[in-house]
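Numbering (this note's numbering), first residue to last: 736 to 1039.
Here it is in structure tokens:
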């Protein structure tokens, strides 16, 4: 004979107080579990927060030694940074007659049109070190974002227009060369570095030229004679002897970032356009950065 529901409840209450307690605990656990599931569904994980780059981009970087990435710096931040660079260059973006004048405040200028500023800490330029940019650096290094320290200043390497014939550089070079410091090839002065472009670059407008896949071949050359190629300067001299893939001229847009590995072959090119090309890297004055890759005064290139 079946027991009516009410009677069953009375029996449970009368003879199984422990059972009632267990039911209460189970209900509470179920509610907590459902709440946790809802929270996880609505809130991205820590991994998702730091995914500035996708798997295809990470694979491309590993295979080719470089990555030109868009979207790490918002249009608004990039526009403000470009305006700050025009101001730094003492030029009027709307007046072409001002684009060929070298600013008196520049630290260095050469006949090729390169205008250099060291250790600039303008807030609009520093804003380019966005969370997405820093997360991308961490992803490419395969390390947590907490392992990075923020940069402190920028190094501007702008290029004035020089109308005339444009030619692709014959050979690449590697970064880290410093006649005063004489850095060793291994481990090298940096693991990853980046160039941030603050103007739209037309073909033959001063874009960086890159040699895809070059790090593996340059590394193999260095490892073939560790004594001869102990220092980067000696390795750099023999890069023209390598059979590298053809070079590619990049034409980045404002806000794009070029990341590349240690021993990556690349080179600058002439800006035959009318407008100046704006580009920068990050500086840091901490002991690690300054002693690893010194550049000017108390500044070294930022080396995460």
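Cβ coordinates follow ideal geometry from the N, Cα and C atoms, glycine included. What you are looking at is a predicted structure, and each value in this text was computed from that prediction instead of being measured.
| query | result |
| --- | --- |
| For residue 1029, the residue or residues it bridges with in DSSP | 1035 |
| Alpha-carbon spacing of residue 1038 relative to residue 889, whole angstroms | 13 angstroms |
| Whole-Å CB distance - residue 998 paired with residue 953, under 8 angstroms assumed | 5 angstroms |
| Neighbourhood of residue 795 by C-beta distance below 7 angstroms, restricted to the same chain and skipping five residues each side | 802 |
| Sequence ranges, beta strand (DSSP E) only - wholly within the region 932-1003, length at least 3 | 992-996 |
| Rounded separation between residue 992 and residue 855 - CA only | 19 angstroms |
| Beta-carbon spacing of residue 970, residue 979 below 9 angstroms | no |
| Buried/exposed call for residue 818, threshold 16 Cβ in 10 Å | exposed |
| Assigned secondary structure, residue 1015 (DSSP; H/G/I helix, E/B strand, else coil) | strand |
| As assigned by DSSP and simplified to three states, the class of residue 743 | Low confidence applies to residue 743: its pLDDT is 43, below 50, so where it sits in the model is not reliable enough to give any reading. |
| Cβ-based burial, residue 826 [other Cβ within 10 Å; buried from 16] | buried |
| Beta-carbon contacts of residue 751 that lie in its chain and below 8 angstroms, excluding the five residues immediately before and after | With a pLDDT of 47 at residue 751, under the threshold of 50, the modelled position of that residue is not reliable, and no figure is offered here. |
| Inter-residue spacing [alpha-carbon to alpha-carbon] between residue 860 and residue 885 | 14 angstroms |
| DSSP state of residue 919 mapped onto helix, strand, coil | strand |
| Classification of residue 1023 by the beta-carbon crowding that lies within 10 angstroms, buried from 16 upward | exposed |
| CA-to-CA distance, residue 923 to residue 990, given in whole angstroms | 28 angstroms |
| Counted within 10 angstroms of its Cβ, other Cβ atoms place residue 789 as buried (16 or more) or exposed | exposed |
| The region 870-882 / the region 913-922 touching (three or more Cβ pairs under 8 angstroms) | no |
| Anticipated Cβ contact below 8 angstroms, residue 847 with residue 947, distance rounded | About 25 angstroms; that fails the 8 angstroms criterion. |
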